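Peer 1:
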Amino acid sequence: MRTPAWLALEDGTVFRGFSCGARGETAGELVFNTSMTGYQEVLTDPSYKGQLVAMTYPQIGNYGVAHEDDESGRPELEGFVVRELCRAPSNWRSVEPLDLFLRRHGITAIEGVDTRALTLRLRAKGALRAVLSTESPEGLVRRARAHPLLGGRDLARTVTCAEPYDWDEPLPSGPNGLEALPKTSGRRPLVAVLDFGVKRGILRCLVSCGCRVRVFPAATPAKDILALEPDGVLLSNGPGDPEPLDYAVATVRALLAARVPLFGICLGHQLLGLALGGRTFKLKFGHHGANHPVQDLATGRVEVTTQNHGFCVDLASLPKAVRTTHVNLNDRTSEGLAHAELPAFSVQYHPEASAGPHDSRYLFLRFKELMAARNPSRGKVHA
């Protein structure tokens, strides 16, 4: 017998469906993701901490779960919403069906929801707080309205690593893996990664383009990172609002003062913007999916990108020394910046993809070139 489940929004709307994951009750900000594939990467992306995710594609789970596709050690999102969940996947790489994966990790999920109607509501009203329950529909709207807002919360501390560690696993071999990045030669630069909720795909890309990688917890002070004498620092993706992360902004400012090459991704982009004197704001319903067009303003080239963020850098707030390098073609919001004098650049989207198109993986090679340019004696990159 199927277990009933309810999804209640703070605006009073209640959707009835059936449980397709762990039983229980969960709450968070509800957003929608437009990816047709990559549900496992969505589930294991730490940037979704504090959020429930509704997939707009109607059938989810039809190629099962492959453990090598995990982007972190476990799912961090609060809940999962689909129209239909496939329980009989067809894929030689699959080791378990999606519903078993959700139950094994304790992720409450609901199927049978009209995700088209839900998405239209979120587009009209913006991201809404929601409660997902398999227990009872009573009082769910009230609890959704009482749930804390996503803004103003430091969620990076809840998903970062506990201790520093080294990473040496590259992208998998094949046309969509290691061969998707051009071969490089020369000394292997050492990259310190500040982990605000880093995806494994980012670490794999760094290794595959010839870097040594050491990952540090989010609150690591600049002096500890500089003591490693890294060739560069990557500011990772992560969940939620960047403004409460004042400790991270202070660290980035100290690294800028030391003129260490910096590459920011997603939350790292926002933190770099704040450190350079800019401001951030919350988007109405965020950018979540693997099909967002972004234009490189220097070349005019358009990249189809993977994105997952609810906050954005205010373009008008950036000082004159900072130039906008990329913009989102859907809403003209910030997708990239670079400093005119300091060795620092960042993008709002995810160049590692995982999952999604690989249009933007060249940015890892650009970072390596930047590190080589700052210290030519340490080796030049040949793409």
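The numbering used here puts the first residue of the sequence shown at 1, with every later residue one more than the last. Ideal Cβ placement from N, Cα and C applies to all residues, glycine included. What you are looking at is a predicted structure, and each value in this text was computed from that prediction instead of being measured.
1. How far does the alpha helix (DSSP H) with residue 326 in it reach, from first residue to last?
2. If I follow the unbroken beta strand (DSSP E) through residue 165, where does it start and stop?
3. Rounding to the nearest angstrom, what Cα-Cα distance links residue 382 and residue 209 in this structure?
4. Please report the distance separating the alpha-carbon of residue 270 from that of residue 319.
5. Between residue 158 and the rest of its own chain, which residues show a CB-CB distance below 7 Å, the 5 nearest in sequence each way excluded?
6. Checking 7 Å against the spacing of the C-beta atoms, do residue 300 and residue 237 come in under that value?
7. Using only CA atoms, which one of 92, 205, 164 and 263 lies nearest to residue 346?
8. From residue 339 to residue 321, what distance separates their C-alpha atoms?
9. Are the C-beta of residue 44 and some C-beta of chain D separated by less than 7 Å?
10. If contacts are defined as beta-carbon pairs under 8 Å, then residue 34 and residue 288 qualify, I think. What distance do you get, rounded to the angstrom?
11. For residue 60, which residues does DSSP report across the bridge?
12. Would you mind stating whether residue 75 and residue 107 have Cβ atoms separated by less than 7 Å?
13. Whose C-beta lies closer than 6 Å to the C-beta of residue 356 among residues of the same chain, with five residues either side of it excluded?
14. Just to confirm my understanding: we take residue 228, look at its own chain, exclude 5 residues before and 5 after, and list those with CB closer than 8 Å. What are they?
15. Leaving aside the five residues before and after residue 72 along the sequence, list all residues of the same chain whose C-beta is less than 6 Å from its C-beta, in chain order.
16. Going by DSSP in three states, residue 292 sits in which element: helix, strand or coil?
17. Have a look at 369, 163 and 283 and flag the residue whose alpha-carbon is nearest the alpha-carbon of residue 330.
18. Name the residue from 187, 143, 200 and 155 whose alpha carbon lies nearest to the alpha carbon of residue 170.
19. Using a Cβ-Cβ cutoff of less than 6 Å, which residues in the same chain neighbour residue 134 once the five nearest sequence positions on both sides are dropped?
20. Residue 173: which of 371, 56, 207 and 278 sits nearest, CA to CA?
21. Closest to residue 84 by CA distance: which of 69, 115 and 90 is it?
22. Mapping the DSSP letters down to three states, classify residue 257 as helix, strand or coil.
23. Buried or exposed: residue 179, going by 16 or more other Cβ atoms within 10 Å of its Cβ?
24. From the DSSP output, which residues share a beta bridge with residue 347?
25. Is the beta carbon of residue 252 closer than 7 Å to that of residue 272?
26. Applying the criterion that 16 or more other CB atoms from any shown protein chain within 10 Å of the CB defines a buried residue, is residue 281 buried or exposed?
27. Is the stretch 240-251 close to the stretch 59-67, with three or more CB pairs under 8 Å?
28. Compare the C-alpha of residue 297 against each of 308, 129, 328 and 276 and name the closest.
29. Among 138, 136, 117 and 151, which has the Cα closest to the Cα of residue 129?
30. Strictly by DSSP, which residues pair up with residue 312?
31. What's the gap between the Cα of residue 177 and the Cα of residue 344?
32. Here's a check: name, in chain order, each residue in its chain whose Cβ is nearer than 8 Å to the Cβ of residue 94, leaving out the five neighbours to either side.
Peer 2: Concretely, from the data shown:
1. Residue 326 -> not in any alpha helix (DSSP H); beta strand (DSSP E) instead, spanning 322-328.
2. Start and end: 165-167.
3. Residue confidence is low: residue 382 scores 36 on pLDDT, short of 50, so the model does not pin down where it sits. No coordinate-derived value is stated.
4. 14 Å
5. 49
6. no
7. 263
8. 6 Å
9. Absent from the structure: chain D. Only one protein chain is present.
10. 7 Å
11. 85
12. Yes, they are a contact pair.
13. Within the same chain, residue 356 has close Cβ partners 290 and 306.
14. When the five nearest sequence neighbours on each side are left out, the beta carbons in the same chain lying within less than 8 Å of the beta carbon of residue 228 are those of 190, 192 and 214, in order along the chain.
15. 44 and 46
16. strand
17. Of the candidates 369, 163 and 283, the one whose C-alpha sits nearest the C-alpha of residue 330 is 283.
18. Residue 200 is the option with its Cα nearest to residue 170.
19. 3, 5, 19 and 23
20. 207
21. Taking only the C-alpha atoms, the option nearest residue 84 is 115.
22. helix
23. Confidence in residue 179 is poor, its pLDDT being 45 and thus under 50, which makes the residue's placement unreliable; the coordinate value appears in the next sentence. Flag for residue 179 reads exposed.
24. 265 and 336
25. Contact: yes.
26. Label assigned to residue 281: exposed.
27. no
28. 328
29. 151
30. 281
31. With a pLDDT of 47 at residue 177, under the threshold of 50, the modelled position of that residue is not reliable, and the figure given next carries that caveat. Distance between the alpha carbons of residue 177 and residue 344: 27 Å.
32. 63, 64, 65 and 66
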